[in-house]
Amino acid sequence: MIAIDDLRLRWPGAASDCLHLPELVIESGSSVFLYGPSGCGKSTLLGLLAGVLLPSGGRVSLLGSDWAAMSGARRDAFRADHVGYIFQQFNLLPYLSVLDNVLLPCRFSAQRSARAGAVVAAAESLLARVGLARALWSRPAALLSVGQQQRVAAARALIGTPELVIADEPTSALDATLRDGFMDLLLGECRAAGSTLVFVSHDERLAPRFDRQLSLIAINRAAAPERVE
Amino acid sequence: MKALAGLAARSAWNRRGTLSLVVLSIALATLLLLSLERMRSDVRESFAQSVSGTDLIVGARTGAVQLMLYAVFRVGSASNNIRMDSVEAIAKHRAVDWVVPISLGDSHRGFAVLGTTSDYFKRFLYGDHQPLVLAQGRAFAGDLAGLYDAVIGAEVADRLGYRLGQSITLSHGAGGLPGAEHADKPFRVVGILARTGTPVDRTVHVSLEAIEAIHLDWASGATMPGVVIPADQARKFDLKPKQVTAALVGLKGRVAVFAVQRFVANYADEALMAVLPGVALDELWQVVGVGEKALLGMSAMVAIVSLAGLVAVVLAGLNERRRELAVLRAVGAGPRHVLLLLALEGLLITVIGVAIGLLLTIVLIAAAGPWVQAQFGIGLKLSAPSATESALLASVLTAGLLASLIPGLRAYRLSLADGLSPRT
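In structure tokens, the structure reads:
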């Protein structure tokens with residue numbers, strides 16, 4: 005699924021690398037918990053996995069394709085086809101309805117649209133599964149609570165069953181009850197769809213629920229990180 | 069593309085408060101450009117329609133434009149009169165088909181009074197060689213019995229509510245001065261002309277002899293003290309006009325036009341000139357053209373300013389939208405999609421602004437058209453945009469699209485740099 009080989013990343017003007025991962029392979033269908041303190045480069049690594057950032061050296065490949073070997077437009081299309089992404093918060097476009105937010109990836113990827121089949125029905129079924137009341141579906145996303153927004157974001161990341169779902173601290177804005185519900189939902193849906201899940205958090209209490217736990221501090225060979233995120 | 073256009077529209081609708089001001093300013097700039105252009109072309113059209121079939125206008129030596137404006141459009145001040153025998157000499161030229169002398173200077177309640185011969189109604193053509201048509205009544209015969217007959221234009225009849233048989237009195241000069249009324253010699257309306265859309269509509273026509281008759285007891289613009297000649301008595305005087313203001317000349321063939329023009333210019337007994345209406349109009353447009361260009365330049369500037377406003381507003385809002393751009397990147401939009409999104413948004417705003425401006429122009433022309441027609445005799449017409457107007461609209465739209473590329477490129481760079489984690 006994901007293969008990293010001698011990955012190095014150095015920000016322009018920096019004296020040393022901020023990331024150096026000699027080797028990392030993530031198997032298809034697994035769930036990975038990536039943790040580490042703030043500023044250790046977690047979001048940077050996610051940017052590299054999603055092909056938004058390119059490494060200064062080495063290779064990052066998804067589904068056997070090297071991100072760096074693709075053109076910019078090809079990377080965008082490849083990401084649209086194979087990656088679902090969940091942010092910490094502010095995931096939704098406030099001016100679109102809940103349903104239209106879930107449908108967004110299908111607008112940019114014919115492949116996910118095709119896999120979803122009847123896209124509106126697929127989006128509605130996902131919204132029902134993440135437990136969002138039908139009455140909310142046609143409302144502007146801006147009117148939802150944070151917990152509801154994160155569930156909509158999960159539905160959007162899952163529509164058209166992308167091979168990889170990346171979640172960047174999606175629970176940090178949620179309280180304990182909401183967080184547990186969200187975790188159940190995300191893990192369950194990814195397992196059901198067969199999608200690989202890369203989940204970033206600094207909350208190590210969540211770690212036991214995943215197939216595999218990775219400490220970025222432990223695997224990053226680069227010297228003390230310069231960059232604070 | 070369609071999906072992006074929908075996104076652009078909904079994103080813009082979300083910020084409709086600020087954007088509507090931009091739309092308004094673009095609409096006003098469009099209104100300014102379009103109404104100015106419409107005014108310009110309709111004024112020219114109006115002037116060009118006002119006289120046709122007249123090959124030369126003969127008058128005392130003055131500027132060609134001045135003679136033309138006064139004789140045809142009743143604009144400006146009277147030039148010197150010319151002698152009637154000079155007019156008769158021109159009429160005898162072998163290339164000349166007809167001559168219609170005209171005498172201007174009096175008025176009736178703000179409308180110009182034109183003294184002429186009954187030939188005027190046969191010879192004067194307007195528009196595309198259309199003759200004058202009497203809507204009601206008849207032309208004056210030019211004989212002594214009908215000395216005090218008047219034929220009025222459509223606008224005169226409409227505005228003053230005159231019917232056939234109405235008795236009217238003429239004022240000396242432009243009117244308004246006390247005691248400058250020819251009240252002792254009232255005229256009777258015997259004919260009302262159909263509307264032409266030319267200065268004829270705003271003219272009271274009487275015979276040259278009538279002009280002589282009402283001025284029998286006048287000298288140097290005032291009544292002669294102690295001299296009173298009643299209306300009936302006037303018929304006993306010699307009313308053959310000695311002087312007229314100008315003469316309209318028709319030729320047997322257009323070829324001779326310069327020969328006749330030279331003949332008039334070299335006329336030994338009096339200093340005369342003959343102008344070609346078309347040439348005089350061109351000369352007028354050259355003078356007016358400078359002002360028109362300045363006005364057009366100013367409205368183009370207004371359009372540029374409103375588009376600069378568009379750029380400023382969209383750019384200023386961009387920083388708060390970096391989150392939105394990152395979300396779009398995460399669902400698979402590339403930087404080029406982001407560029408396209410912003411360009412589409414700007415284009416959309418421009419299109420709406422231009423459409424509203426076009427609508428405002430139509431409303432303005434529909435509302436102000438009758439007033440302008442009555443006040444200035446210029447017919448503003450509602451019609452499909454002309455080639456020039458379409459070109460103006462297209463250039464505003466193009467400029468709008470180009471201007472939107474500025475925030476578009478900025479968003480492109482931002483979304484490249486930010487990726488999925490905007491640094492706000």
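Heads up: the sequence lines are chains S and X, in that order.
Here the first sequence is numbered in the numbering used here, starting from 5 and rising by one per residue.
Here the second sequence is numbered in the numbering used here, starting from 69 and rising by one per residue.
Ideal Cβ positions, reconstructed from N, Cα and C, are used throughout, including at glycine.
- By DSSP's assignment, ARG256 of chain X forms a beta bridge with X:ASP217, X:SER235.
- Contacts between GLY51 of chain S and chain X, judged by CB atoms closer than 8 Å, involve GLY487, LEU488, SER489 in chain order.
- For GLY414 of chain X, no Cβ of chain S is located within less than 8 Å of the residue's own Cβ.
- For THR86 of chain X, no pairing in a beta bridge is given by DSSP.
- Exposure of SER75 of chain S is indicated by the presence of fewer than 16 other C-beta atoms within 10 angstroms of its C-beta.
- Listed in chain order, the beta strand (DSSP E) elements of length 3 or more contained wholly in the region 76–116 of chain S are 87–90.
- DSSP places MET341 of chain X inside the beta strand (DSSP E), whose first and last residues are 340–343.
- Residue burial annotation: HIS206 of chain S is exposed, with fewer than 16 other C-beta atoms found within 10 angstroms of its C-beta.
- Contact with chain X is found for ALA54 of chain S, since one of that chain's Cβ atoms lies less than 8 Å from the residue's Cβ.
- Annotated three-state conformation of ARG389 of chain X is helix, per DSSP.
- Sixteen is the threshold: since fewer than 16 other Cβ atoms of the shown chains lie within 10 Å of the Cβ of VAL29 of chain S, the residue is exposed.
- Within the same chain, and ignoring the five residues on either side of VAL133 of chain X in sequence, the residues whose Cβ sits closer than 8 Å to its Cβ are ALA348, GLU351, LEU352, VAL355.
- The beta carbon of GLY68 of chain S sits no closer than 8 Å to any beta carbon of chain X.
- Annotation: the continuous alpha helix (DSSP H) that includes ASP184 of chain S extends over 180–197.
- Contact check for LEU210 of chain S and PHE37 of chain S: beta-carbon distance about 7 Å, within the 8 Å limit, so the pair qualifies.
- Listed along chain S are GLY76, ALA77, ASP80, each with a C-beta nearer than 7 Å to that of GLY402 of chain X.
- Boundaries of the beta strand (DSSP E) harbouring VAL169 of chain S: 168–172, taken from the DSSP string.
- In this model, ALA7 of chain S and GLN217 of chain S are separated by some 16 Å (Cα to Cα).
- Contact between the region 152–171 of chain S and the region 182–190 of chain S is present, with at least three C-beta pairs closer than 8 Å.
- Going by C-alpha positions, ASP269 of chain X is about 59 Å away from TYR99 of chain S.
- TYR39 of chain S: member of the beta strand (DSSP E) spanning 35–39, first to last residue.
- LEU57 of chain S has a beta carbon lying within less than 8 Å of a beta carbon in chain X.
- Residues of the region 371–395 of chain X with a Cβ closer than 8 Å to any Cβ of chain S, in chain order: ARG391, GLU392, ALA394, VAL395.
- Residue pairing by DSSP places ARG151 of chain X opposite X:GLN311 in a beta bridge.
- Between the region 476–486 of chain X and the region 422–438 of chain X, the count of C-beta pairs closer than 8 Å stays below three; the two stretches do not touch.
- Proximity of TYR39 of chain S to chain X, defined by a Cβ-Cβ separation below 8 Å, is not satisfied.
- Around ALA251 of chain X, the same chain offers THR237 as residues with beta carbons nearer than 8 Å, after the five sequence neighbours per side are excluded.
- Using a Cβ distance threshold of 8 Å, ILE474 of chain X and VAL90 of chain X do not count as a contacting pair.
- In the DSSP secondary-structure assignment, PRO169 of chain X is bridged to X:ALA315.
- With contact defined as three or more Cβ pairs closer than 8 Å, the region 52–69 of chain S and the region 166–173 of chain S are in contact.
- Inter-residue distance for VAL258 of chain X and GLY178 of chain X is about 20 Å (C-alpha atoms, whole angstroms).
- In this structure the region 184–194 of chain X does not touch the region 221–239 of chain X; the number of beta carbon pairs closer than 8 Å is below three.
- The three-state secondary structure of THR456 of chain X, taken from DSSP, is helix.
- Under the DSSP assignment, THR184 of chain X falls in the beta strand (DSSP E) whose first and last residues are 179–184.
- DSSP places VAL126 of chain X inside the beta strand (DSSP E), whose first and last residues are 124–128.
- Non-local C-beta neighbours of ALA434 of chain X in its own chain, meaning closer than 8 Å and more than five positions away in sequence, comprise LEU450, ordered along the chain.
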